[in-house]
Amino acid sequence: MSQDGHSGVASGMNQETHASILSSLYGMEIETGKKDEADGVQHISTIHSPYRGQRSASVALSSISTWRDRAGSWGWVLSAFILINVLILGSAFVSGSVFNGIHVTNTHLQIFLLVIIVPTTVWMLFYKAYTCRGEEAVLYKDVHAGPVWLRGGLVLFGVCSLIMDVFKIAYYVGYTHCQSPVKIVFPVVQAVFILVQTYFLWLHAKDCVQVQRNVTRCGLMLTLATNLMLWMTAVTEESLHQTVYPDGTNQTSRTLLLRAAASDGDSSCQCSHTSCSIFEQAYYYLYPFNIEYSLFASAMTYVMWRNVGRLVDDHPAHEHRFHLRDVLLGPAGGLVVLVAGLATFVVYEVDVSSGDQEKRDTALTLYYITNTVTIALMTMVTVAGCVIYRLERREHASGKNPTRSLDMGLLVGSSMGQFTVSYFTVVAVLGTGVDGHVNALNLAWSVITLLELCVQNVFIIEGIRREPHHDVRRASIFSNLLALHAQEDRRSSHVPTSPRGSIAIPVHKPLPWKRKILKEIAAFLLLSNIILWIMPAFGARPQFDNPIGTEFYQFNMWVAVVNVGLPFSIFYRMHSVASLFEVYLTS
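The sequence shown begins at 151 in this note's numbering and counts up one residue at a time.
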């Protein structure tokens, strides 16, 4: 021990001596990893040498200044103006194409989208080819931004969006003789945009750019605005397609509302091949994936925008690997809920479209029962998870984390859509006197959904704010090789040994019971939220199939409530899936 102690002291002295010699002889500046609490700036352990020139120091100082005074930087303001103006102008085009349909058609909307998609694609190529290749362009990476599962989801939804564009091209080829070429050009350009953006975000989602900061901020805000406009357009077309009109609705009004998703009002335009209806149905079923792709890309782009010019600690984050070891009940229960929900969804879609009122009521009853039971189970296990949180008493993660802040904001904000629809439903059912068992089930479903949203938000936010576990659960048993020397099978094996003559045998230690329960709960909630996303995303609309909302609020108002609130509700479920996956990994 004395020898080791002297060697440790000598090593420390040698390191200090070397540092002083390097500093005095070669002018090298050695920084250690410290955090300036007063300034809120995180420094990284780096060595600045004259071989990298004075640019390194100037870029670092410039980045610190930008991070401290970013509120006064014109780049932040200009990029925000770009976002606001594009979104407001785009909203006007979307509204005009839906409610006017004569002076502003769907073709005009697609031309506007092409105008913003093309420069966005060009900027991403410019960033890849020029900006990020600079010597001091990307000194730091945000380890929390763009985790691999989020980028994997982006790729999955991007592939589905590409397939949707292929179906759209095949569909509009049949209308080339009587419609604008923009109908074909738009899905082609959108497919190129999806390919470039997916590649861009996969490689650069973690970048903290230190050069051309103002140009990069504006480019990222243009990218964010483009994705939000594509999301808004897709949601509008999907909502118009899924809206169920009552029998007494004026045919002219129905044609006017559907004009944005159809053929710009030209009823004489007929498809030139027989597969048009097949392609149309196919690409409508892929709209939910395209909607989620735009939202995933928007979230990742926003985090990149927040990270422009940011200094972060580049110490690698603790790697969390996905596995189902020691976790059984949660995934099993979630799979049961998922299968039951899929069966209910199929029966619901078949019976509701049959035209038989008795079958329609039966389908609604089955739908309400399945959803009520599912959400009641989710509420109970979520409350149990919150209790486990109180027992575990883990500290909250400290430090600035734009990804975590965005996740919490999106979770709470998107849940407002389901809150709106549920509260309007509760008022409508109570206002009509809860007439019949179908409306009673509708009321129960809405009330339990409100409770479930509250407790699930608390569970997820608490889960992503807590410090992850960093302990390694694979222990090692060290055995003396001399005692095993006589055993031929051990001597001839290729088991790795430690430098001191011991054999290391990995041993799996089971999860502590509190962590195991949290993983079970997160897995169950994840699968349950998947089925709650699938049913409305792929066409289940009990809000229209049950006439109580239309009768109580009148058709126009009820359509506005549902078509505004439901897209946010659908996004809430998918965002909950992503957040619960993170909670599962860190529990």
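Using N, Cα and C, we set each Cβ at its ideal position, and we do this for glycine too.
How about residue i: is its C-beta nearer than 8 angstroms to some C-beta of chain D?
i: His-423; result: Reference to chain D is not applicable here, since this structure consists of a single protein chain.
Could you spell out the range, first to last residue, of the beta strand (DSSP E) harbouring residue i?
i: Val-359; result: 357-359
i: Leu-374; result: From DSSP, Leu-374 is part of no beta strand (DSSP E) but of the alpha helix (DSSP H) over 363-392.
I need the DSSP call for residue i, collapsed to helix, strand or coil.
i: Arg-543; result: coil
i: Asn-254; result: With the sequence shown as reference, residue 254 is identified as Val, and Asn is not the correct amino acid for it. Coil at Val-254, not helix or strand.
i: Tyr-290; result: strand
i: Arg-616; result: strand
i: His-423; result: coil
i: Leu-479; result: helix
i: His-168; result: Note that His-168 scores a pLDDT of 45, beneath 50, so its modelled location is shaky; the value from the coordinates is reported in the next line. The answer is helix: DSSP assigns His-168 an H, G or I state.
i: Ile-653; result: Confidence at Ile-653 is low in this model, with a pLDDT of 47, below 50, so its placement is unreliable and the value that follows should be read with caution. In the structure shown, Ile-653 sits in a strand (DSSP, three-state: E or B).
i: Gln-260; result: helix
i: Thr-326; result: coil
i: Asp-315; result: helix
i: Asp-501; result: helix
i: Ser-418; result: coil
i: Thr-216; result: Low local confidence applies: a pLDDT of 47 at Thr-216 is under 50, so the model's placement there is unreliable, with the coordinate-based value given in what follows. Helix at Thr-216.
i: Ala-490; result: helix
i: Leu-300; result: helix
i: Pro-269; result: helix
i: Arg-283; result: helix
i: Ile-525; result: helix
i: Gly-586; result: coil
i: Asp-695; result: helix
i: Gln-401; result: Caution is warranted here: a pLDDT of 40 is assigned to Gln-401, below 50, making its placement in the model unreliable, and no coordinate value can be reported.
i: Arg-460; result: coil
i: Ala-295; result: coil
i: Asp-506; result: coil
When the distance is taken between beta carbons, is residue j closer than 8 angstroms to residue i?
i: Ser-229; j: His-327; result: no
i: Tyr-290; j: Leu-436; result: no
i: Met-528; j: Ser-678; result: yes
i: Phe-569; j: Leu-603; result: yes
i: Phe-317; j: Tyr-433; result: yes
i: Glu-732; j: Ile-611; result: no
i: Met-382; j: Val-244; result: yes
i: Ser-311; j: Phe-439; result: yes
i: Thr-532; j: Val-605; result: yes
i: Leu-593; j: Val-577; result: no
i: Ser-444; j: Ala-384; result: yes
i: Val-338; j: Ile-313; result: no
i: Val-346; j: Leu-275; result: yes
i: Leu-479; j: Ile-681; result: no
i: Leu-300; j: Phe-446; result: yes
i: Gly-360; j: Gly-459; result: Checking the sequence shown, residue 360 turns out to be Gln, not Gly. Cβ distance < 8 angstroms, so Gln-360 and Gly-459 count as in contact.
i: Pro-717; j: Gly-563; result: no
i: Thr-451; j: Thr-553; result: no
i: Tyr-325; j: Glu-430; result: no
Taking residue i as part of the alpha helix (DSSP H), name the residues at either end of that continuous run.
i: His-725; result: 705-736
i: Arg-554; result: 552-581
i: Phe-806; result: Since the first residue shown for the chain is 151 and the last is 737, residue 806 is missing from the structure and cannot be characterised.
i: Ala-242; result: 224-249
i: Tyr-741; result: Residue 741 lies beyond the residue range present for the chain, which begins at 151 and ends at 737; the question has no answer from this structure.
i: Pro-337; result: 332-354
What is the C-beta distance between residue i and residue j, in whole angstroms, given that I count them as a contact (C-beta under 8 angstroms)?
i: Ile-267; j: Phe-343; result: 5 angstroms
i: Asn-457; j: Cys-358; result: 5 angstroms
i: Pro-686; j: Ile-720; result: 5 angstroms
i: Ser-740; j: Asn-521; result: The chain is shown only over 151 to 737; residue 740 falls outside these bounds and no answer can be derived.
i: Ala-355; j: Ala-295; result: 6 angstroms
i: Glu-388; j: Ile-441; result: 7 angstroms
i: Met-371; j: Leu-233; result: 5 angstroms
i: Leu-676; j: Gly-484; result: 7 angstroms
i: Gly-303; j: Ala-728; result: 7 angstroms
i: Ala-526; j: Ile-428; result: 40 angstroms between Cβ atoms; not a contact.
i: Gly-689; j: Gln-420; result: 26 angstroms between Cβ atoms; not a contact.
Exercise. Kindly confirm or deny that the region 370-379 and the region 282-298 touch, where touching means at least three C-beta pairs closer than 8 angstroms.
Key: no
Quiz item: Quick one: any contact between the region 534-541 and the region 667-685, if contact means 3 or more CB pairs under 8 angstroms?
Solution: yes
Practice problem: Would you be able to state if there are at least three C-beta pairs under 8 angstroms between the region 570-580 and the region 684-704? | Solution: yes
Quiz item: Is the region 552-559 in contact with the region 514-522, if contact means three or more CB pairs nearer than 8 angstroms?
Solution: no
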